[in-house]
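Worksheet: one structure, shown below.
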Amino acid sequence: MAKIIAISGSPSHPSRSYALIEEAQKLIQASDISLEILSIRDLPPDALIYAKFDNPDIVQAAAKVEEADAVIISAPVYKAAYPGILKTFLDLLPQKGLVGKPVLPIVTGGTLAHLLAIDYAFKPLFSALGARYIHTGVYLVDSQYQRRDTNGVEFLDKELETRFQTALNEFVQLVQEESKPSLTAV
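So in numbering that gives the first Met the number 0, spot 152 of the sequence shown is number 151, and the numbers just go up one at a time.
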């Protein structure tokens with residue numbers, strides 16, 4: 000069974016980024032893929048800030064990323080880029096910590112002004128970490144959806160809901176295709 004690690008890069012909890020991962024989890028559960036959520040906010044702040052690579056929680060989180068077949072990263076845009084807590088965690092991964100892995104960015108922002116943040120901030124970072132395939136991703140404006148109190152989100156914009164579901168379906172299909180055993184000629 001293929002494994003996806005879904006990283007919530009928001010410093011807040013509850014957060015819209017985490018709720019979007021929960022929504023993704025609901026859509027993915029019908030497939031033969033397991034999804035585990037990693038909330039960076041729950042990692043020890045001193046280990047992140049002081050780059051304690053040997054901290055047991057950091058070692059365990061990095062191992063989960065390494066063991067995953069694919070990665071979903073959901074994060075808000077702060078000051079035109081990813082939040083510092085996300086970058087701090089990704090800095091603690093090995094130099095090519097995403098090598099060979101497809102990555103799906105799910106990015107939220109207060110306005111459409113940060114729509115291109117996926118292309119100019121997130122994608123270069125994932126590429127530097129060796130991601131093999133970086134999906135176009137989904138950008139969501141806060142006014143287009145609401146975080147549910149229980150689990151996931153409620154989309155207020157039907158087109159956005161369709162884009163979100165399409166991106167996840169494409170990503171799941173890619174992960175499933177890559178996890179199939181390859182046939183070798185004898």
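Note that the Cβ used here is the ideal one computed from N, Cα and C, for glycine as well.
These numbers were taken from a predicted model, which means no experiment stands behind them.
- Per DSSP, S9 lies in no beta strand (DSSP E) segment and is marked neither H nor E.
- Using a C-beta cut-off of 8 Å, the region 115-122 makes no contact with the region 39-58, since fewer than three inter-stretch Cβ pairs fall below that distance.
- Just measuring C-alpha positions, the residue of S142, D148, N54, I105 sitting nearest L155 is S142.
- In the structure shown, S30 falls within a coil segment according to DSSP collapsed to helix, strand and coil.
- When the beta-carbon positions are compared, G151 and E22 come within less than 8 Å of each other.
- Secondary structure note for A46: it is in no beta strand (DSSP E), and the uninterrupted alpha helix (DSSP H) holding it is 44-48.
- According to the DSSP assignment, L103 belongs to the beta strand (DSSP E) that extends over 101-108.
- V76 sits in coil when the DSSP states are folded into three classes, being neither helix nor strand.
- Classified as exposed, Q172 has fewer than 16 neighbouring CB atoms from the shown chains inside 10 Å of its CB.
- Apart from the 5 residues on each side of it in sequence, I84 sits with its Cβ closer than 8 Å to the Cβ of G8, S9, P10, I39, R40, L47 in its chain, given in chain order.
- A62 is not a Cβ neighbour of I3, given a cutoff of 8 Å.
- For L159, the CB contacts under 7 Å within the same chain, skipping 5 residues up- and downstream, are L139, Q143, Y144 in chain order.
- Sixteen is the threshold: since fewer than 16 other Cβ atoms of the shown chains lie within 10 Å of the Cβ of K78, the residue is exposed.
- Rounded to the nearest whole angstrom, the C-alpha separation of N54 and D90 is 14 Å.
- Assigned with DSSP and collapsed to three states, K95 falls in coil, not helix or strand.
- Apart from sequence neighbours up to five positions away, no residue of its chain approaches E66 with a beta-carbon distance below 6 Å.
- Between L103 and H134, the C-beta spacing is below 8 Å.
- Residue pairing of V58 in beta bridges, as defined by DSSP: absent, with no partner found.
- A direct Cα-Cα distance of roughly 22 Å separates I27 from F125.
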